[in-house]
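Heads up: the structure comes next, in structure tokens.
Residue numbers (our numbering): 95 to 158.
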């Protein structure tokens with residue numbers, strides 16, 4: 095499949111710089127917030143992050 099939001103038709107990875115200013119996230123825009131992204135990866139990759147650790151990671155990503 096192709097990415098409809100890309101001029102080249104290829105998926106584009108969002109840079110981490112100013113990440114907070116570029117929602118929605120994922121190639122299909124399915125994650126509305128950084129909290130959604132962190133929660134998704136915590137679950138899918140079985141990272142075992144606590145709620146506090148997830149909040150810290152969101153805070154860090156928001157600061158970039």
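Using N, Cα and C, we set each Cβ at its ideal position, and we do this for glycine too.
The beta carbons of residue 128 and residue 135 sit no closer together than 8 Å.
Secondary-structure assignment with DSSP links residue 119 through a beta bridge to 125. The beta carbon of residue 126 sits closer than 7 Å to the beta carbons of 117 and 118 from its chain, once the five residues preceding and following it are set aside; these are given in chain order. In the three-state DSSP reduction, residue 133 falls in the helix class (H, G or I).
Setting aside the 5 residues that flank it on each side, residue 111 is surrounded in the same chain by 158, each with a C-beta closer than 8 Å to its C-beta; the list follows chain order.
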